[in-house]
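What follows is one structure encoded as structure tokens, with my remarks underneath.
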Amino acid sequence: MSKITTELLLERAVPRSTRLRKIETLNLSKLQLKTGDLDPRLFSRLRHLQKLDLSDNLLDKFPNSLTLPDLRVLNCNNNKLEDVTALKQFPLLEELTYENNVYLTLNDDYKVMFLLQNLRLLNGKDITKLANHVRRVNSNKLTSKVTAHWKKFFSDQLPEKYTAEQVKSIKKKFLKSVQTNVVYGPSSLSEFTRWRVKMIAEEFLANSLGLELNSDTEPEEKTDENEEESTESPREAAEEVAPVVHIYDPLVTVTPSKRKRNRSKSSPGNKRSKTQANTEEEAEEDVSAEPLHFLQCHSKGNSREDFKTQLWSCVFEPVLDSGARKDPIVSSSRTVATCGGESVCLIDCETGTVLKKYKVATEEFFSVAWTTLTMVISDSRKKAHNILAAAGRRGIVKLIHVAADFCYGEIKAHKKPIATVCFSPTQETHLFTASYDKRIVLWDIGIPDCDYNFKASQLLVLETASIPLRIALVPTCPEQYLLAGCEDGCFAWNIKLDKGQKSRPFEAIFQFPGEESLTTSHRVDGLAFLNDDVVVSKSSKPGCIYLWSWSKSFDAKGKGCQRTMSAVILAELEWSTTDMSYLTLSTCPAKEYMFCGDEKGSVWMYNLSTYTTSWGSPKGKRSEQRISPTQILTWPELRVNGEQPHEILVNNVVADPAFTYLVVLTSVNITAIWKKS
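First residue of the sequence shown: 111, per this note's numbering; consecutive thereafter.
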């Protein structure tokens, strides 16, 4: 039975009323109302209702036929709304508030500004100017783009006499193509843009060509957005984004330099077969990249003079592939999380916009990691949301629900600093934390309920002989083996949870070539998998990065713990001769690229795709010569306040999975973003 009755409506009217048709102001807040409680038949009798308060309820959407023809003011704060398009049934609406509906975003703000032509105030802010821009300038731009896309790619595909099947086919192709290729504005508004593009495309086909549409097609992958529009937002994030200093001087011309190979014929070590030479020539092709943005967004106290804050970790946000907000167009994220100093930032790589910023005044963040949790939102329905874990000097893991701008919890994981964190690729709630207390701990962070209550539990403790610096789960068996680069060697653990033993020593330590013989004692400050088998590790040996085989090095059939195993080296990469530590490396497995920065601000890039096939064969042999970088991106001559920053160390460099963007973190509080062209 519905909670709303005629008697309740009369009682909650302001002032109380004796007839429904006389009610002009109605307060239905704090009644635990759900969408099914809003009975259209009852509400249709509120013909003169002008102000409605539905705040502090459990509404996830609006029924489509409430029939409130005179409604001017609506308050929906503190509900669970997921969609705003049903609000178009209130065309006279002038004031709307829906703050603290965690599933609504900036895209929804733009949707209501377009749908409600009389709207003046949104969440307490005057949006008249911005709304006019959205309704006119934005719409005109998108309409011209949609029309141009039809004329360029589709106008010749429809014959003079066409069948219903031909109409259906071209309609489907056009709607997919136009949503993929017509882009406008920043990525934070991409959902709104595609929503409008689809609407405009349907109107265009119906009005210009007489093709009536009832679209059920799904959009395809998107391309890059390269135009900007006003992004003034009527909502405010949970924490206001601090001013960002864009320090890239557009007058500076940046030319990535290509590392030349030393091919002295007099050196017997340089004798290669013709096949080897051709293979290396293929791997040497240029990657055309250009600098997009140089940002100073981690400054302590938002100071423009801060060029001392070290930036340590960056990870691209995963693309959501389920839930109500599934976005099938996006194949690779443009949003990256970066950390350093007291803050964690979310950056749109294309526009250079800092979308969100989280600060903890007493913290120094060293590592960030993403996971996607399937959370129960309401009425037992489930929805996928990205969660960001951030940790650092205090030994505490912060858990952030990014879409809600809310740090919902923390785990006091260690008593000493946390060097790095990573989530399991197969168990969404399993988080590894590696600490200066010489322990790696596996946590189950749990799944928060609708009130963000959660319970974290410790599943496993891995004892290390020295401080763990980098960790990686073995791709072929991520629930069984973990690899760690430590201050005094490279180690492996069996992490299978059915073994019963909660605290475990390492199972293997790997030997690498030393100055005179094999050694296990060396600092490993870079570690990543290039593919399912090839490990890339960087040691304290100057100028040396090793590629080695996990399957050929690790003896899974052996018994006992703390065994010494020799790493089966596949190749060495030529790198800087610096003895500077903690300049870490990363890989892009989909493209088989490896990246590592140096002590001069440069990024060394290695295309290893032409080598991996031979390495993976049963008779695969080690590459005798050191592999030179395919290309080196040199640091441009940036000037800040008329001066060039000195001693720029590249602490980390990460590419998105599709290798479209390259994010470079430095020791001088500068985040550099390059784009592959």
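Glycine residues also receive a C-beta, built at the ideal position from the N, C-alpha and C atoms. Since the structure is predicted, the reported quantities are computational estimates derived from the model, not experimental observations.
Restricting attention to 275, 178, 214, the CA atom closest to the CA of residue 187 is found in 214.
Taking the CA atoms as reference points, residue 175 sits about 13 Å from residue 156. Listed as beta-bridge partners of residue 714 by DSSP are 706, 742. In the three-state scheme derived from DSSP, where H, G and I count as helix and E and B as strand, residue 725 is classed as helix. Residue burial annotation: residue 289 is buried, with at least 16 other C-beta atoms found within 10 angstroms of its C-beta. Residue range 249 to 263 is occupied by the alpha helix (DSSP H) that includes residue 250. Contact annotation: residue 477 and residue 505 have beta-carbon atoms that are not nearer than 8 Å.
The alpha carbon of residue 558 has as its nearest neighbour, out of 522, 510, 724, 142, the alpha carbon of 510.
Out of 736, 507, 641, the CA that lies nearest to the CA of residue 653 is found in 736. Between residue 139 and residue 133, the C-beta gap is not smaller than 8 Å, which leaves the two residues out of contact. The residues 621, 622, in chain order, have a CB closer than 7 Å to that of residue 629 in the same chain once the five nearest residues on each side in sequence are set aside.
Taken in chain order, the complete alpha helix (DSSP H) segments of 4 or more residues contained in the segment 113 to 184 are 116 to 122, 150 to 153.
The beta-carbon separation of residue 548 and residue 577, rounded to 6 Å, stays under the 8 Å limit for a contact. According to DSSP, residue pairing for residue 682 in a beta bridge involves 656. A straight-line Cα-Cα distance of about 22 Å links residue 411 and residue 756. Nearest C-alpha to residue 430 among 421, 418, 416, 445: 445. At least 8 Å separates the beta-carbon of residue 772 from that of residue 678.
For residue 604, DSSP records a beta bridge to 591. In this structure, the straight-line span from the alpha carbon of residue 519 to that of residue 313 is close to 46 Å. Counting only residues of its own chain and dropping the five nearest sequence neighbours on each side, residue 759 has a CB closer than 6 Å to the CB of 709, 777. Counting only the Cα atoms, residue 443 lies some 32 Å from residue 690. Here residue 460 carries a coil assignment [DSSP, helix/strand/coil]. Straight-line spacing of the CA atoms in residue 161 and residue 492 works out to 33 Å. Around the C-beta of residue 247, fewer than 16 other C-beta atoms lie within 10 Å, and the residue is accordingly described as exposed.
In the DSSP assignment, the residues bridged to residue 568 are 553.
In this model, residue 184 and residue 401 are separated by some 46 Å (Cα to Cα). In the structure shown, residue 289 adopts helical secondary structure according to DSSP, grouped into three states. Counting of Cβ neighbours within 10 angstroms places residue 560 among the exposed residues, the total staying below 16. Where residue 220 is concerned, the enclosing alpha helix (DSSP H) starts and stops at 216 to 225. Assignment of residue 267 by DSSP, reduced to helix, strand and coil, places it in the coil class.
In this structure, DSSP gives residue 691 a state outside helix and strand, which the three-state scheme calls coil. Burial state of residue 671 is exposed, judged by a 10 Å Cβ sphere holding fewer than 16 other Cβ atoms. Here DSSP, grouped into helix, strand and coil, assigns residue 780 to coil. In chain order, 176 place their CB closer than 6 Å to the CB of residue 153, counting only its own chain and leaving out the 5 sequence neighbours on each side. The C-alpha of residue 180 lies about 44 Å from the C-alpha of residue 265.
Closest in alpha carbon position to residue 696, among 764, 680, 631, 658, is 764.
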